[in-house]
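Comments concern the structure below.
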Amino acid sequence: MKEGRKFLHFFDSEEYDEIVPESDEKKKVPPPLFQQPFPEDAPVIDLIPPDEFTIGKAPFLDLVNSRKSRRKYTSDPLNLEELSFLLWSTQGLKEVLKSGRGVRRTVPSAGAKSPLETYLVINRVEGLEPGLYRYISFTHQLLFIKKIDNAEETMGRLSFDQKFVGAAPVIFCWTAVPYRTEWRYTILSHKFIAIDLGIVSQNLYMSCEAINLGTVAIGYYEQNKLDTLFDLNTDEEFVVLLAPVGRYRKEKKLTEFFKYAKKEVTPESLQRLVGKYKRKNLVEFIVKDGNLVVKIGEFEEILTPFNELEFIGEISARAMRFEFDKEGKPEKVVVLTADDEEIELEFVE
Ligand SMILES: Cc1cc2nc3c(=O)[nH]c(=O)nc-3n(C[C@H](O)[C@H](O)[C@H](O)COP(=O)(O)O)c2cc1C
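Counting in my numbering, the sequence shown runs from 4 upward without gaps.
Spelled out as structure tokens, the structure:
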């Protein structure tokens with residue numbers, strides 16, 4: 004791990020020349036291409052230009068406050084304006100430097116080297132055939148690459164079985180072409196490329212948020228299998244991050260789900276709730292360190308007390324509330340799932 008950390012370091016001025024090798028740029032090697040080439044007669048589709056966008060005018064602070072990772076998408080397709088907007092916001096090209104040594108985009112990049120390419124697995128976009136595409140930022144177009152068999156199942160499987168990834172209408176798949184940055188920055192490049200990628204990913208989060216779409220960065224994917232699926236020459240280019248995008252349902256407000264007046268949470272008040280509550284599988288509740296831990300088989304989830312009888316969940320359950328019978332004994336637990344469904348668990352012992 005210590006070795007791995009070093010890639011995040013930079014250097015002091017005294018050691019810089021000793022450690023950092025002479026770059027190809029210094030050696031007068033011509034600059035690399037800032038867009039991967041493709042055959043002249045390949046099928047390309049025009050996207051909607053940024054000066055024609057009718058969407059994406061939401062106030063910035065609202066986006067900052069509402070952004071979160073969203074993993075559940077409806078089956079609705081995206082339209083071409085939405086896709087054009089997301090591609091422009093993440094990798095839109097503003098200018099090729101006159102020196103030919105880089106490009107300016109809607110996102111910053113170390114040395115304007117812009118080492119990323121955007122591939123899209125398209126499952127459902129109005130007017131587009133499903134398949135693998137690449138964003139051609141120099142002309143703001145989409146390049147159709149090929150069809151993918153069983154794309155939804157395949158992309159879920161290649162994301163370590165995160166099935167929601169495959170189920171999205173569009174999956175952004177960024178690759179890195181490291182030499183673009185290495186040409187100038189040699190061994191300093193890899194930290195810069197990772198930072199460039201984070202910036203692009205954040206722009207996707209924010210631009211999705213601006214047009215009521217949801218996304219999540221996906222770092223867990225099968226590297227070699229995905230590189231092979233995309234026919235990449237992995238000495239020069241490989242996948243570095245995925246991000247499914249889709250329409251999400253507006254979440255139920257927790258204030259609508261919660262019913263009780265706020266009361267102080269104490270270890271004693273939590274103790275009242277301990278027991279087993281059942282629905283098909285056995286669910287166990289354990290009070291631990293002032294939290295309520297829900298155990299479902301091997302899976303444990305910590306719920307933070309919001310109220311004496313109401314809890315906020317982290318992953319699978321958004322929230323829970325306890326309900327009591329006339330004698331004040333716990334009768335059931337109502338769980339608000341990540342899908343905004345309400346499930347009731349009966350108290351059994
Ligand atoms: C580099 C990176 C990789 C991630 N990989 C995954 C992933 O493979 N699966 C997943 O469900 N979420 C993934 N996430 C999303 C994080 O779990 C999420 O950002 C975090 O839980 C905070 O939640 P929020 O984004 O809603 O604020 C990743 C996020 C980042 C930045």
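Here a beta-carbon is modelled for each residue, glycine too, at the ideal position from N, C-alpha and C. Predicted model only: the values in this text are computed from it and were never measured.
DSSP places Arg108 within a strand segment (E or B) once states are collapsed to three. Contact between the stretch 100-107 and the stretch 142-151 is absent: fewer than three C-beta pairs spanning the two stretches fall below 8 Å.
If the five residues before and after Glu334 are omitted, its C-beta is found closer than 6 Å to the C-beta atoms of Glu326, Phe327, Asp328 and Phe350, all from its own chain and listed in chain order. Excluding five sequence positions before and after Lys149, the CB atoms of its chain that fall closer than 7 Å to its own CB belong to Gly134 and Leu135, given in chain order. Listed as beta-bridge partners of Met4 by DSSP are no residues whatsoever. Not one heavy atom of ligand 1 falls within 8 Å of the beta-carbon of Val248.
Using a 10 angstroms sphere on the CB of Glu347, the tally of other CB atoms stays under 16, which defines it as exposed. Secondary structure at Glu313: strand, using DSSP grouped into helix, strand and coil. Contiguous beta strand (DSSP E) elements confined to the stretch 102-174 occur at 106-108, 119-125, 134-139 and 144-149, taking only those with 3 or more residues.
Between ligand 1 and Lys71, a heavy atom-to-CB distance of less than 8 Å is present. The alpha-carbon separation between Lys281 and Val297 amounts to approximately 12 Å.
Relative to the non-hydrogen atoms of ligand 1, the Cβ of Tyr251 never comes closer than 8 Å to any of them. If you compare the alpha carbons of Glu352, Val286, Glu311 and Gly331 with that of Ala320, the shortest gap goes to Val286.
Sixteen is the threshold: when 16 or more other Cβ atoms of the shown chains lie within 10 Å of the Cβ of Gln94, as they do, the residue is buried.
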